[in-house]
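Q: The numbers in our numbering rise by one with no breaks, and the one at position 93 of the sequence shown is 1367.
For glycine and all other residues, C-beta sits at the position ideal for the given N, C-alpha and C.
Please read through the structure below; I'll follow up with questions.
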Amino acid sequence: MKSLNQTQLKILTLVSLICMLIPFSIYALWIYVFDLGTTQAERVAIFKDYFPDFLNGRWSTTFLGITFCIIAIIFSSISLKLSGKLWKGLNIIILVISSLLLLLNLFSMM
């Protein structure tokens, strides 16, 4: 397999950051919506109104979050080969946050 150069690894880091931000924003939206409704049913209805119809299933946003967390973890772990401290630190932060979000998504399914 061809080795990736520094520019390609930096692009992978940015892609993994974007992939991590998707499940992070879903949870941030849930925290925002939690204060809007008075009952759990109202909160869920308000939360689902923010998404298109194909993401209104019971586990749709959870599976979406899990998928993007796994992609972020894979890309960020590949990009750990970068030499700069900033890029290596960013990849470690992405790995930690994505792993925590992945665990949060998995445990929310129980």
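(1) Work out the CA separation of residue 1346 and residue 1364 for me, nearest whole Å.
(2) Between the stretch 1333-1346 and the stretch 1292-1304, are three or more C-beta pairs nearer than 8 angstroms?
(3) Quick check: residue 1382 and residue 1336, are their CB atoms within less than 8 angstroms of each other?
(4) Can you grab the Cα-Cα spacing for the pair residue 1355 / residue 1280, in whole Å?
(5) Leaving aside the five residues before and after residue 1300 along the sequence, list all residues of the same chain whose C-beta is less than 6 angstroms from its C-beta, in chain order.
(6) Relative to the C-alpha of residue 1351, which candidate in 1378, 1316, 1287 has its C-alpha closest?
(7) Taking the straight line between their C-alpha atoms, what separation do you get for residue 1284 and residue 1361?
(8) Should residue 1369 go down as buried or exposed, given a rule of 16 or more other Cβ atoms within 10 Å for buried?
(9) My assumption, with CB atoms under 8 angstroms, is that residue 1304 sits in contact with residue 1328. Please give the rounded CB distance.
(10) My assumption, with CB atoms under 8 angstroms, is that residue 1317 sits in contact with residue 1308. Please give the rounded CB distance.
A: Looking at the coordinates:
(1) 12 angstroms
(2) yes
(3) yes
(4) Computed Cα separation, rounded: 9 angstroms.
(5) 1335, 1339
(6) 1287
(7) 7 angstroms
(8) buried
(9) Going by Cβ atoms, the distance from residue 1304 to residue 1328 rounds to 19 angstroms, so no, they are not a contact pair.
(10) That belief holds up - the Cβ atoms of residue 1317 and residue 1308 are roughly 6 angstroms apart, short of 8 angstroms.
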